[in-house]
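Asker: Residue numbers (the numbering used here), protein chains in the order written: chain V, -6 to 350; chain Z, -6 to 350. Every residue gets a Cβ at the ideal spot worked out from N, C-alpha and C, and that includes glycine.
Number of protein chains: 2
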Amino acid sequence: MINFTVGPVQSSDLVRSIGGEQVPYFRTAEFSKIMLENEELMKKFSGAEDEARVIFITGSGTASMEAVVANTLTEQDKVLIVNGGSFGQRFVQLCEIYGISYSEIKLDVGKALTEKHLQAYENQGFTAFMVNVHETSTGVHYDLHMISEFCKRNQMFLVVDAISSFLADEFDMKEFGVDVMITGSQKALACPPGISMIVLSVKAVERVESNRPKCMYLDLKSALKNGERGQTPFTPAVGILRQIHARLKEIESAGGVETEIKKIGILAEDFRNKIKELPFDIVSESMSNAVTPLHPLTASANDIFLTLKDEYGIWVCPNGGELKDAVFRVGHIGNLTTEDNDKLIDALKDMQKRGLI
Amino acid sequence: MINFTVGPVQSSDLVRSIGGEQVPYFRTAEFSKIMLENEELMKKFSGAEDEARVIFITGSGTASMEAVVANTLTEQDKVLIVNGGSFGQRFVQLCEIYGISYSEIKLDVGKALTEKHLQAYENQGFTAFMVNVHETSTGVHYDLHMISEFCKRNQMFLVVDAISSFLADEFDMKEFGVDVMITGSQKALACPPGISMIVLSVKAVERVESNRPKCMYLDLKSALKNGERGQTPFTPAVGILRQIHARLKEIESAGGVETEIKKIGILAEDFRNKIKELPFDIVSESMSNAVTPLHPLTASANDIFLTLKDEYGIWVCPNGGELKDAVFRVGHIGNLTTEDNDKLIDALKDMQKRGLI
C-alpha cells in the first residue's frame, strides 16, 4: 500500500527498524538522555526560546489539546477560538468542558481567516487565542503572521495546534510569539501514532505552574517536573519515543527543519500541478504543504477512497460526517516521493478511463 | 540486553516484526476487524461475560485507572481501597481528585491482605472495592477468592487493576464477580507500552453510560460508542494495537490463557528455586507469577540494578522512593526462558565472587 493519508504516514527505514527492536527498560540514564535530546531538537525545530520546555504525552493529539486547555487556561481567561472545522470545534468543546469563557470565529469549509474576521475582537479584553493553524479536516492553513500581529497588539496568550503543520509549513514560536505549540508523532514527524508533544514558552510554563488541573494523567506540572531529568510520570510509549529520537536526528543531519519543509513543499506542488487535469476542485482557499483537500466533481469522495484502497493499493484520507461524500484529502507528509505522486495520478486516470470519476 | 523488568518486557519475533512494518491507515473496515477481534480475545482471556465490553486507551495503565475512577464511580459511592504500595496509593489519589469517598486498608511492604483486614468493613455501606490484585511495586499478589467473597456478601462493585497480573495469574471475571479489569500492553501481553485496556462487565457499562465524566480524552462513553464499530474516538497507537492482535492470536493458538499462565509460573518457580543459594530475601508474603521482589542482604538494590545493567547486559527492575536501596524485582513475563534465568543467576554469582553482593 502507498499511504497518502494525513496520519499515520509512511516512516523511514531507520524509524521502522527501531520499531522492530525490543523496547528497552526506560527508568535509566540512557533513556533520559534520549528524552532530553528529544526536548532540545523539538525546541530547535519549533523555534522555541532557550528556556522553553517540551512535554511528551502518551496519547493522541487530542490528549495534548485537552492538557493545554486544562493546564494553561483558567476560568479567568476569555479565549478567542478559530473554528473552521472539526479540530477547531474540539477546542470549543474543551473550553466548554473546563468552564472557560470563549468566543468563536466560525469559518465555512475551506475558507481562510482574514483581517475582517479579527477586527470585531480588537480591544475586547480577550486574554488568549487558540487556533489549529492547519485545520486538518478541511486543509485550510491560517495566516500565522496576521494572527501573531493581532495577538501581540492585544497581549493575548497564543496557543497553536500545529499537529499536521509542524515540519511541513514555516513556523517559529519566537518570531510569531507563540506560547504553546502542539503536535503529534504520526504527522510530518512520520513516526507511529501514540505520542503527542507540547512545546511551552516560559510564559506557558508559568501558567502551568500556577494552575490546578483536575486530571492526573494530563497534569503537566508533574510532566514538567519528571521531564527535568528526562523522565515521564507514567510509563510512556518508549518505542515511539526512540523512533522520534531517530527521526529528529535524521531531520537534523539532512539539513534541519527548513530542508524538511522544502521537501514537503516540493511534493505538494508536484501533486497540485499533476492533479489539475483531473476532475477535482481544490476546496481550500489557503493550503498547508501537508495536504491537498479535493472535491471530486463527478463522483463520491468516499467511493474514490474505497476504490483506491481496494483496487489500487493506495490510501488517500477520507473525510467523515457531512463532508464524507464531498471531500477527500491527499497528504504530502511522510516518506513519499514524486514517483508515488505519479502512481496516485495514474490510478486516478485509470479510474477516469473506467468511468468511475 | 536481557530484560527481566516488569515492563516493557521482551516481545516475540512476530510482535517485533509487526513493529518494523509501516503503520496502516486505520479508519478502515480492515482495522475495525482487528479491533473487534482484539475485543473478543481480551474478553475470552479475562473470563468476561458475553455482553462485556473492552476499551483500548492510548495511554499508560494510569490513564485507564483514572478513566475507570472517573467513569464508573460517582460521589454517591463509598469505596474500599487496598493500599499496599504505590499503585494502591494511586487509586487513593484518584478518588481524592474525583471527590469520591473512600476508606483504605493500608498494608506494610510485602504483606498479604487477610480476612482480618476485611472484617471491619463488613456491612458498612461500602458500594465499591478497588484493588491492584498484584501490587507491582512490592510484588504482592492478593487473594482474589477472598476479595470476591467479601464483595459478593456486601454487594460491592469490584474494580481490579490486573495490569501486571493478567495472563500471569489465574483470573476470571465471571468466577470472581469482577466488574472492571484493567491491564496494559507492556506486561505479560509483551507488546510495547502505549496502550492500556479496560474490560467492563455489563454492570460496569451501565455505570459508564449513566456517568458524566469531565475529561474528553478519558470519556469511556465515547470510547464504547466508537468501539461498537471497532474504532476509537481519537487516533490510537495503531501499530501497538496490531501487535496486540498478533500476540493475542499467538496465545490463542499456543493453547490459550491457561498455557500462558503455566509458562510464566514455570519460569517463576525455576528462578525462585535457583535464587535460594544467593544472599537475598524474598520480600512478599504472597507472590504473583509475574515477578519476584528481592531484598539483598549484603548490598544496595539499586547498585545491583546498575551493575547488572552496565557490566552484565541485564536489566532487572529497580524500585524507587523509600525502597530504592532495599528492593529490586525480577520479572518472569515477556519472551524469557529458563536459560535466561541461568544467565541472571550466573551474573549474580559472579558479582558474589567479586564481593559486590
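1. Tell me which same chain residues have a C-beta within less than 7 Å of the C-beta of V/Thr331, skipping the five on either side of it?
2. How would you list, in chain order, the residues of chain Z whose beta-carbon sits under 7 Å from the beta-carbon of V/Phe227?
3. At 8 Å on the CB atoms, spell out the chain V contacts of Z/Leu211, in chain order.
4. Among the residues of its own chain, which have a CB less than 7 Å from the CB of Z/Ala340, if the five just before and after it don't count?
5. Please give the ranges of any alpha helix (DSSP H) in the segment 12 to 63 of chain V, keeping only runs that are unbroken, at least 4 residues long and fully inside the region.
6. Between the Cα of Z/Pro226 and those of Z/Met209, Z/Ala239, Z/Arg240, Z/His238, spot the shortest distance and give me the residue it belongs to.
7. With contact counted as at least three CB pairs below 8 Å, one residue from each stretch, are the segment 147 to 155 of chain Z and the segment 182 to 189 of chain Z in contact?
8. Distance, Cα to Cα, Z/Asp6 vs V/Gln112?
9. Take V/Phe169 and list the residues in its own chain whose beta-carbon comes closer than 6 Å to its own, dropping the five residues that flank it on each side.
10. Could you tell me which chain V residues have their CB closer than 7 Å to the CB of Z/Met(-6), listed as they occur along the chain?
11. Starting from the beta carbon of Z/Ser353, find every residue of chain V whose beta carbon is closer than 8 Å, and list them in chain order.
12. What is the DSSP secondary structure of Z/Leu87, counted as helix, strand or coil?
13. Which chain B residues sit within Cβ distance under 9 Å of Z/Lys302?
14. Identify the residues that DSSP records as bridge partners of Z/Lys71: which are they?
15. Which residues does DSSP pair with V/Arg322 in a beta bridge?
16. Under 8 Å, with one C-beta from each stretch per pair, do the segment 269 to 281 of chain Z and the segment 321 to 336 of chain V reach the 3-pair mark?
17. Given Z/Arg83, which residues of its chain have a CB within under 7 Å of its CB, disregarding the five upstream and five downstream residues?
18. Which residues of chain V have a Cβ atom closer than 8 Å to the Cβ of Z/Gln86, listed in chain order?
19. Check whether chain V comes within 8 Å of Z/Glu59, counting only Cβ atoms and requiring the distance to be less than that.
20. Does DSSP classify Z/Met123 as helix, strand or coil?
21. Per DSSP, what are the beta-bridge partners of Z/Gly232 in this structure?
22. Tell me, please, whether the CB atom of Z/Gln179 is closer than 8 Å to any CB atom in chain V?
23. Z/Tyr18: which of Z/Leu290, Z/Ile268, Z/Leu316, Z/Val231 sits nearest, CA to CA?
24. Excluding the 5 residues flanking V/Ser39 on each side, which residues of the same chain have their C-beta closer than 6 Å to its C-beta?
25. On the DSSP letters alone, give me the boundaries of the alpha helix (DSSP H) that V/Thr331 sits inside.
26. Mapping DSSP to helix, strand and coil, what is V/Phe150?
27. Considering only their Cβ atoms, is the gap separating Z/Val133 from Z/Gly177 smaller than 8 Å?
28. Between V/Asp172, V/Leu329, V/Tyr95, which lies nearest to V/Ile257 when the distance is taken from Cα to Cα?
29. Short check: CB of Z/Ile27 to CB of Z/Arg235, under 8 Å?
30. Quick one, which residues of the segment 229 to 249 of chain Z are near chain V if we go by CB-CB under 8 Å, in chain order?
31. By DSSP, does V/Asp101 sit in helix, in strand, or in coil?
32. Between the C-alpha atoms of V/Phe(-3) and V/Glu14, what's the straight-line distance to the nearest angstrom?
33. Can Z/Ile90 and V/Lys207 be called in contact, C-beta distance under 8 Å?
34. Of all the CB atoms in chain Z, is at least one closer than 8 Å to the CB of V/Thr176?
35. Residues bridged to V/Asn(-4) by DSSP?
36. Could you tell me if Z/Gln117 is buried or exposed, where buried requires 16 or more neighbouring beta carbons within 10 angstroms of its beta carbon?
Answerer: So, from the listed chains and residues:
1. As a working note, residue 331 of chain V is residue 338 in the first sequence. Excluding residues within five positions, the ones whose Cβ falls inside 7 Å are Leu260, Asp263.
2. Against the first sequence, residue 227 of chain V aligns to sequence position 234. Residues of chain Z passing the Cβ test: Ser53, Thr55.
3. Indexing the second sequence from 1 puts residue 211 of chain Z at position 218. Near Z/Leu211 (Cβ distances below 8 Å), the residues of chain V are Cys208, Tyr210.
4. By 1-based counting over the second sequence, the position of residue 340 of chain Z is 347. Result list for Z/Ala340: Leu301, Tyr305, Ile307, in chain order.
5. 22 to 39
6. Taking the second sequence and counting its residues from 1, the one referred to as residue 226 of chain Z is at position 233. With distances taken between Cα atoms, Z/Pro226 lies closest to Z/Met209.
7. no
8. Start at 1 with the first residue of the second sequence, and residue 6 of chain Z comes out as number 13. Start at 1 with the first residue of the first sequence, and residue 112 of chain V comes out as number 119. Computed Cα separation, rounded: 60 Å.
9. Position 176 of the first sequence holds residue 169 of chain V. Around V/Phe169: Leu137, Ser141.
10. Translated into positions along the second sequence, residue -6 of chain Z becomes position 1. Simply Pro17.
11. Absent from the structure is residue 353 of chain Z, since the part of chain Z shown begins at -6 and ends at 350.
12. The residue given as residue 87 of chain Z occupies position 94 in the second sequence. Helix at Z/Leu87.
13. Reference to chain B is not applicable here, since the protein chains of this structure are V and Z.
14. Mapped onto the second sequence, residue 71 of chain Z falls at position 78. Bridge partners of Z/Lys71: Z/Ser94.
15. Here residue 322 of chain V refers to the residue found at position 329 of the first sequence. Per DSSP, V/Pro286, V/Cys310.
16. no
17. As a working note, residue 83 of chain Z is residue 90 in the second sequence. Once the five neighbours on either side are set aside, the close Cβ partners of Z/Arg83 are Thr55, Met58.
18. Against the second sequence, residue 86 of chain Z aligns to sequence position 93. Neighbours of Z/Gln86 on chain V, chain order: Met209.
19. Locating residue 59 of chain Z in the second sequence gives position 66, counting from the first residue. It does: the Cβ of Z/Glu59 has a partner Cβ on chain V nearer than 8 Å.
20. Within the second sequence, numbered from 1, the residue matching residue 123 of chain Z stands at position 130. DSSP places Z/Met123 in strand when its eight states are reduced to three.
21. Taking the first residue of the second sequence as 1, we reach residue 232 of chain Z at position 239. Paired residues: none, contrary to the question.
22. Stepping through the second sequence from its first residue, residue 179 of chain Z is reached at position 186. Taking Cβ atoms only, chain V reaches closer than 8 Å to Z/Gln179, which makes this a yes.
23. The count along the second sequence starts at 1 and reaches residue 18 of chain Z at position 25. Considering only alpha carbons, the answer is Z/Val231.
24. By one-based count along the first sequence, residue 39 of chain V stands at place 46. Same-chain partners within the cutoff: Met166, Met174, Val192.
25. Here residue 331 of chain V refers to the residue found at position 338 when the first sequence is read from its first residue. 331 to 346 is the span of the alpha helix (DSSP H), which, as asked, contains V/Thr331.
26. Within the first sequence, numbered from 1, the residue matching residue 150 of chain V stands at position 157. Residue state, collapsed to three classes: strand.
27. As a position in the second sequence, residue 177 of chain Z is number 184, starting the count at 1. As a position in the second sequence, residue 133 of chain Z is number 140, starting the count at 1. Not closer than 8 Å, so no.
28. Counted from its first residue, the first sequence places residue 257 of chain V at position 264. The candidate whose alpha carbon is nearest that of V/Ile257 is V/Leu329.
29. Locating residue 27 of chain Z in the second sequence gives position 34, where the first residue counts as 1. Locating residue 235 of chain Z in the second sequence gives position 242, where the first residue counts as 1. Contact flag set, yes.
30. Pro229, Ala230, Val231, Gly232, Ile233
31. The count along the first sequence starts at 1 and reaches residue 101 of chain V at position 108. Residue state, collapsed to three classes: coil.
32. The residue labelled residue -3 of chain V in the question sits at position 4 within the first sequence. The residue labelled residue 14 of chain V in the question sits at position 21 within the first sequence. V/Phe(-3) and V/Glu14: Cα-Cα distance of roughly 26 Å.
33. As a first step, residue 90 of chain Z is located in the second sequence; it is residue number 97 there, counting from the start. As a first step, residue 207 of chain V is located in the first sequence; it is residue number 214 there, counting from the start. Cβ distance < 8 Å, so Z/Ile90 and V/Lys207 count as in contact.
34. Here residue 176 of chain V corresponds to residue number 183 of the first sequence, with the count starting at 1. With 8 Å as the cut-off, V/Thr176 does not count as an interface residue toward chain Z.
35. In the first sequence, the residue the question calls residue -4 of chain V occupies position 3. Per DSSP, V/Trp308.
36. Locating residue 117 of chain Z in the second sequence gives position 124, where the first residue counts as 1. That one is exposed.
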